[in-house]
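Data block below; observations after.
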């Protein structure tokens, strides 16, 4: 004979003789078996006692049932064995007024009536708190701010401008800083945008710090020819000025 109530494993006599007592159990394969004996006969481990419960997706797409109740999505409606009806049938049950509440499932419902229709307990009034990870996958908001990831942008309630970091836009304010590359940047923003370390505030020196002293016609010693020219002085001779 072939055992009934289970998927066909092979043709022939069942090795295990099972009773006809109906005590359904759910296997780890998601199938409901007549009783534990039938479960063992096919070599499937038990998940829990009772029929397997269909798992519906968490998708929030309200539908109306022929019982006049609203369901979170079409899967929940089908699980309850209810036909699909036009939304007008459910309007008397729940309004479309937006007074958000948070369910214990972590989902925000448009109002408390819809939450109750979904069969979910109330966690708190208002929208559910959004918990974002610290994973860095930057996006740029229309406010010009770079958000660490898409979740953080949505939490801030800002529309998406583009993926990746926002472009840095610097003002033309002149507040010079000297970069490690020897270039003077108009302000701190421009230096950061160039990705250069700062050496000092203010403009970079125009001449190198090389010590090749020269003596100017004004009797002063300059570190090198560059500094002499910057001062607009004629050179007398190379080397330190001799005391007169």
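Residue numbers (the numbering used here): 316 to 559. Each residue gets a CB set at the ideal place from its N, CA and C atoms; glycine is no exception.
*Element boundaries [alpha helix (DSSP H), containing residue 353]*: Taking the first residue of the chain shown as 1, we reach residue 353 at position 38. Here the alpha helix (DSSP H) through residue 353 covers 351–356.
*In three-state DSSP terms, what is residue 516?*
Position 201 of the chain shown holds residue 516. Of the three classes helix, strand and coil, the one that applies to residue 516 here is strand, per DSSP.
*Compute the minimum distance between the beta carbon of residue 359 and the heavy atoms of the ligand FMN, and state whether it is under 7 angstroms.*
Absence of the ligand FMN from the depicted structure is noted, as is the absence of any ligand whatsoever, leaving it without description.
*Of all the options 509, 422, 514, 454, which has the alpha carbon lying nearest to the alpha carbon of residue 445?*
Position 130 of the chain shown, counted from the first residue, corresponds to residue 445. Minimum Cα distance to residue 445 is reached at 422.
*Per DSSP, which one or two residues make a beta bridge with residue 477?*
The residue given as residue 477 occupies position 162 in the chain shown. DSSP output for residue 477 lists 455 as bridge partner(s).
*Per-residue DSSP class, three states only, for residue 427*: For the purposes of this step, residue 427 is identified with residue 112 of the chain shown, where counting begins at 1. Assigned with DSSP and collapsed to three states, residue 427 falls in helix.
*Can the beta-carbon of residue 491 be found less than 8 angstroms from the beta-carbon of residue 501?*
Reading the chain shown from its first residue, position 176 is the one you call residue 491. Reading the chain shown from its first residue, position 186 is the one you call residue 501. In contact: residue 491 and residue 501 (Cβ atoms closer than 8 angstroms).
*So does the region 522–531 actually touch the region 540–553, counting three or more Cβ pairs closer than 8 angstroms?*
Taking a cut-off of 8 angstroms on C-beta distances, the region 522–531 touches the region 540–553, as three or more cross pairs fall below it.
*Can you say whether residue 513 is buried or exposed, counting buried as having 16 or more other CB atoms within 10 angstroms of its CB?*
Position 198 of the chain shown, counted from the start, is the residue given in the question as residue 513. Exposed.
*List the DSSP bridge partners of residue 494.*
Working through the chain shown from its first residue, we reach residue 494 at position 179. The partner list for residue 494 (beta bridge, DSSP) reads 513.
*Where do the ends of the alpha helix (DSSP H) carrying residue 466 lie?*
Walking along the chain shown from the start, residue 466 turns up at place 151. Here the alpha helix (DSSP H) through residue 466 covers 465–471.
*Going by DSSP, what residues sit across from residue 529 in a beta bridge?*
In the chain shown, the residue the question calls residue 529 occupies position 214. Paired residue(s): 537, 553.
*Consult DSSP for residue 543 and reduce its assignment to one of helix, strand or coil.*
The residue given as residue 543 occupies position 228 in the chain shown. In this structure, residue 543 counts as helix in the three-state DSSP scheme.
*With distances taken from CA atoms, which of 340, 464, 385, 381 is nearest residue 428?*
Locating residue 428 in the chain shown gives position 113, counting from the first residue. For the set 340, 464, 385, 381, the Cα lying nearest the Cα of residue 428 is the one of 385.
_Less than 6 angstroms between C-beta atoms, sequence neighbours within five positions excluded: which residues of the same chain meet that for residue 546?_
Within the chain shown, residue 546 is the residue found at index 231, counting from 1. Apart from sequence neighbours up to five positions away, no residue of its chain approaches residue 546 with a beta-carbon distance below 6 angstroms.
*On the three-state DSSP scale, how would you describe residue 361?*
Numbered from 1 along the chain shown, position 46 holds the residue referred to as residue 361. Strand.
_Span separating the alpha-carbon of residue 523 from that of residue 537_ = For the purposes of this step, residue 523 is taken as the residue at position 208 of the chain shown. For the purposes of this step, residue 537 is taken as the residue at position 222 of the chain shown. Approximately 12 angstroms, taken between the alpha carbons.
*Opposite residue 437 in the DSSP bridges: which residues?*
The residue given as residue 437 occupies position 122 in the chain shown. Per DSSP, the beta bridge partners of residue 437 are 418.
*asked:* Short of 8 angstroms in beta carbon distance, which residues of its chain neighbour residue 371, apart from the five on each side in sequence? Order them along the chain.
replied: Locating residue 371 in the chain shown gives position 56, where the first residue counts as 1. Within the same chain, and ignoring the five residues on either side of residue 371 in sequence, the residues whose Cβ sits closer than 8 angstroms to its Cβ are 387, 388, 390, 391, 394.
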